[in-house]
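Residue 315, in the working numbering, is where the sequence shown stops; the numbers in between run on with no holes.
Just so it is clear, CB atoms sit at the ideal spot from N, CA and C, and this is done for glycine as well.
Reviewing the structure listed below.
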Amino acid sequence: MRSLLVIHPHSEHVSGEAHAVSLRQAGPEQLLESNGYLTLPCRDESEIKQLIHGADAAVLNIPVGTISAWSTKLEQAKAIPLLWWCSAESALSSTEFCEANVPVDGILTPSMAVHELNWALHFSAKRFFERQHWLSERKQLTARLEERKWIDMAKGILGEVNGIPEAEAYDLLRKKAMNERKRIVDVAISIVKAQQMLKA
């Protein structure tokens with residue numbers, strides 16, 4: 116992990132260049148760059164798409180309450196590890212959100228030494244991959260439950276129409292799927308939708 120996208124709150128009161136200079140002096144860039152990391156400052160969501168492709172992770176120099184919104188925007192462009200920059204200011208402005216469920220993989224602080232920074236980034240990358248794996252498993256499980264729902268409804272319809280028990284209705288559904296060379300869930304969905312149209 117060498118290249119880090121650094122998200123800053125946008126300030127309307129100073130020019131973009133002056134704001135970037137002040138953030139570089141006070142923000143995570145100073146710590147990261149002095150330890151050999153490349154930083155890509157981002158002050159506006161319109162910059163995300165052009166900057167995120169060169170980033171290995173994102174450092175969020177924002178209050179905790181705004182992390183979820185930024186996380187969603189970043190995720191739409193590219194899934195990368197998210198780290199929160201916990202400075203005295205951001206910690207103070209985040210106290211009311213301490214119970215919030217925010218999708219961060221790690222925390223960086225201004226006082227970190229180089230080895231602490233390296234370990235924080237290393238463990239954040241591991242946490243990110245675990246989080247992505249869990250989200251993928253959750254998505255698959257939700258899809259399976261949805262498929263099961265359609266299959267159960269189709270079994271009920273076939274059982275009622277043909278006057279047969281559920282086990283036979285399932286065999287009929289499976290046979291129909293094999294004959295049509297379709298997935299059983301696709302056949303189930305077509306049966307349920309056909310029955311819903313007939314009832315309408």
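If we count the other Cβ atoms within 10 Å of its Cβ and call it buried at 16 or more, is residue i buried or exposed?
i      : result
Pro156 : buried
His248 : exposed
Lys270 : buried
Pro196 : buried
Gly142 : buried
Ser209 : buried
Phe243 : buried
Ala184 : exposed
Ala203 : exposed
Arg296 : exposed
Val229 : exposed
Is the beta carbon of residue j closer than 8 Å to that of residue i?
i      : j      : result
Asn176 : Leu232 : no
Glu144 : Val121 : yes
Asp159 : Met116 : no
Gly169 : Ser239 : no
Gly221 : Leu207 : no
Val179 : Trp200 : no
Val300 : Ile266 : yes
State the Cα-Cα distance for the pair residue i and residue j, rounded to the nearest angstrom.
i      : j      : result
Lys241 : Val302 : 40 Å
Leu313 : Asp286 : 24 Å
Gly278 : Arg253 : 37 Å
Gly316 : Leu250 : Since the displayed the chain opens at 116 and closes at 315, residue 316 lies outside it and no answer follows.
Ile304 : Gln311 : 10 Å
Val217 : Leu146 : 24 Å
Ser161 : Thr257 : 32 Å
Ile87  : Lys188 : Nothing in the structure corresponds to residue 87, since the chain is present only between 116 and 315.
Ala282 : Glu245 : 39 Å
Ile182 : Leu236 : 18 Å
Phe212 : Ala309 : 48 Å
Ile306 : Leu288 : 9 Å
Arg153 : Pro124 : Residue 153 is actually Leu in this sequence, not Arg. Each residue's alpha carbon lies about 20 Å from the other.
Ala284 : Gln255 : 26 Å
Arg298 : Val276 : 22 Å
Ser205 : Ala192 : 25 Å
Pro280 : Ala292 : 19 Å
His167 : Met268 : For the sequence presented, residue 167 should be read as Ile rather than His. Each residue's Cα considered, the two are about 44 Å apart.
Check your understanding: In chain order, which continuous runs of the beta strand (DSSP E) of length 3 or greater are located wholly inside the region 151 to 205?
Key -> 153 to 157, 172 to 175 and 197 to 200
Point to revise | 3-residue-minimum beta strand (DSSP E) runs that sit fully inside the region 205 to 231, ordered along the chain | key: 221 to 223
Practice item. Mind the definition here: the region 207 to 225 touches the region 257 to 267 only if three or more C-beta pairs lie below 8 Å; say whether that holds. Key: no
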